[in-house]
Every structure is written in C-alpha cells, then in structure tokens.
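Trainee: All the letters of the sequence shown, read from the start, carry residue numbers 109 to 299 under my numbering.
Note that the Cβ used here is the ideal one computed from N, Cα and C, for glycine as well.
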Amino acid sequence: MRKFTLLVFFCCTASLLSQAQTTRLAYKEKRQYNSRLTPEAAMTNAWRWFDANTHTTPDANEAKMREHHGIFKGVGSFPFVSKVASGNDFSRGTVFYTVYLRLHDTEGKYTFIITDIAHQGRVSLNALTTDAKYPYRVEGDRMWHNMVWKDLREQAEQHVKELTASLTAAMETPSVISQRGKAPKIIIVSN
C-alpha cells in the first residue's frame with residue numbers, strides 16, 4: 109500500500125511539473141526621446157500624448173506621480189471582432205490592457221510597457237499569454253478556440269504596433285499638437 113501511495117504521489121507531481129507554465133503577454137520597450145527635448149518638454153509631450161487619447165483627467169495622486177517620478181499609467185482598450193467566420197458573435201468583445209510610460213530624465217529615455225492584456229466578450233478568452241494555442245480549459249471546440257486565439261493575438265500585436273508608433277512620433281516631435289482620434293484610445297486611471 110505504501111509503494112502504491114508513493115507511486116501515485118510521484119505520478120501526480122511529475123504530471124504537474126511537466127505542464128508548461130504560461131506567461132502573460134506583455135510588450136516593453138526602452139527608447140531614446142528627441143535629444144533636443146528638455147526633460148520638461150519630454151514630460152509635456154508624454155502628457156499630451158496621454159491626454160489626446162483619453163476621455164478623463166487624472167486625479168491629484170496621478171499628477172503627483174507624473175510630476176515627481178515621470179510615471180504615467182493608463183488603461184486602454186480596443187474592440188475585437190474575429191476574422192473566424194463561425195462563432196463570431198461569441199468571440200466579439202473588447203480587449204483591455206494597461207499602459208505604463210516612465211520617463212528617465214537623466215538618460216533622455218522613456219520606457220513603454222503594455223501588460224495585463226485580456227479579452228472580454230460573450231465567450232471571454234481571458235488574459236493573453238505567449239502560448240501559440242489557447243492555453244485554458246475548453247468547454248467546447250478546441251480547434252475554434254485556437255483559431256480565434258491566433259486572430260486575437262495578431263490583432264493585439266497590430267494594435268500595440270500602432271500605439272507604439274504614435275508614442276514614438278509624439279516623443280520625437282519638439283512640439284506635440286493635440287489631435288483627438290489619431291491614436292488608439294487610452295483611459296487614465298488612478299490607484
């Protein structure tokens with residue numbers, strides 16, 4: 109009996125250890141901003157970029173973080189409509205993500221992070237991970253989940269490219285002019 113218990117324990121442990129760990133999808137870049145910009149001008153450009161793409165204004169705590177530490181935090185979203193024809197009504201929804209932007213005054217650089225990317229819809233596909241196939245338990249058709257998952261990851265990657273390009277343009281411009289609707293929407297939230 110003791111050998112049987114040890115064998116079962118060993119098999120369960122080996123099974124758990126053999127499962128691949130999923131890593132949440134995140135994008136991070138550290139870039140140099142325009143060398144002609146002063147740290148104050150870079151802060152203004154970053155603020156204008158966030159402001160041009162939001163519908164709300166941060167509260168006093170957010171303003172303090174921005175002024176003293178050069179940190180911006182926002183939550184953004186984009187609509188998701190799958191290109192997979194079958195079950196489109198089930199996968200249609202919104203993809204939410206968190207954006208961090210930190211200015212490094214002494215280095216003349218900024219760090220841009222997009223994380224916590226998650227799909228919400230009639231059938232939510234949960235947090236995006238680095239897995240090529242849908243990593244969560246499936247109650248229905250696994251093949252459908254994998255096709256929609258691939259489409260979701262591609263659309264998220266395209267959205268991140270557009271977001272990064274608009275921020276890069278803003279940080280390279282000596283004087284940013286606020287143009288609503290030119291970049292993906294971001295809603296600033298405070299903790």
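Less than 8 Å between the C-beta atoms of Ile225 and Leu236, yes or no?
Mentor: As a working note, residue 225 is residue 117 in the sequence shown. As a working note, residue 236 is residue 128 in the sequence shown. Closer than 8 Å, so yes.
Trainee: Would DSSP call Asp197 helix, strand or coil?
Mentor: Counted from its first residue, the sequence shown places residue 197 at position 89. DSSP places Asp197 in helix when its eight states are reduced to three.
Trainee: Considering Cα atoms alone, identify which of His227, Val231, Tyr205 and Arg230 is closest to Phe220.
Mentor: Within the sequence shown, the letter at position 112 stands for residue 220. Of the candidates His227, Val231, Tyr205 and Arg230, the one whose C-alpha sits nearest the C-alpha of Phe220 is Tyr205.
Trainee: What is the DSSP secondary structure of Ser232, counted as helix, strand or coil?
Mentor: Counting from one through the sequence shown, the residue named residue 232 turns up at place 124. Coil, per DSSP.
Trainee: Just reading off the alpha helix (DSSP H) that Arg139 is part of, what are its end residues?
Mentor: Your numbering for residue 139 matches position 31 in the sequence shown. It is not in any alpha helix (DSSP H) - Arg139 instead sits in the beta strand (DSSP E) that spans Tyr135 to Gln140.
Trainee: Mind checking who Val203 pairs with in its DSSP beta bridge?
Mentor: Numbered from its first residue, the sequence shown carries residue 203 at position 95. Answer by DSSP bridge pairing, in chain order: Phe186 and His227.
Trainee: In terms of alpha-carbon separation, which member of His227, Asn254, Arg132 and Leu275 lies closest to Arg210?
Mentor: Taking the first residue of the sequence shown as 1, we reach residue 210 at position 102. The option with the nearest alpha carbon to Arg210 is Leu275.
Trainee: Please report the distance separating the alpha-carbon of Val207 from that of Val183.
Mentor: One-based indexing of the sequence shown puts residue 207 at position 99. One-based indexing of the sequence shown puts residue 183 at position 75. Whole-angstrom Cα-Cα distance: 6 Å.
Trainee: What separation, rounded to the nearest whole angstrom, lies between the Cα atoms of Pro187 and His227?
Mentor: For this step, residue 187 is matched to residue 79 along the sequence shown. For this step, residue 227 is matched to residue 119 along the sequence shown. So the two alpha carbons sit approximately 9 Å from each other.
Trainee: May I ask you to report which of helix, strand or coil DSSP gives Leu145?
Mentor: Along the sequence shown, one-based indexing puts residue 145 at 37. Residue state, collapsed to three classes: coil.
Trainee: Tell me whether Ala193 is buried or exposed, calling it buried when 16 or more other Cβ atoms sit within 10 Å of its Cβ.
Mentor: Here the question's residue 193 lines up with position 85 in the sequence shown. Burial call: exposed.
Trainee: Considering only their Cβ atoms, is the gap separating Gly201 from Arg230 smaller than 8 Å?
Mentor: Reading the sequence shown from its first residue, position 122 is the one you call residue 230. Reading the sequence shown from its first residue, position 93 is the one you call residue 201. Against a cut-off of 8 Å, the Cβ pair of Gly201 and Arg230 comes out as a contact.
Trainee: If I'm right that Gly88 touches Trp252 with Cβ under 8 Å, what's the distance once you round it to whole angstroms?
Mentor: Any answer about residue 88 is impossible in this case: the structure gives the chain only from 109 up to 299.
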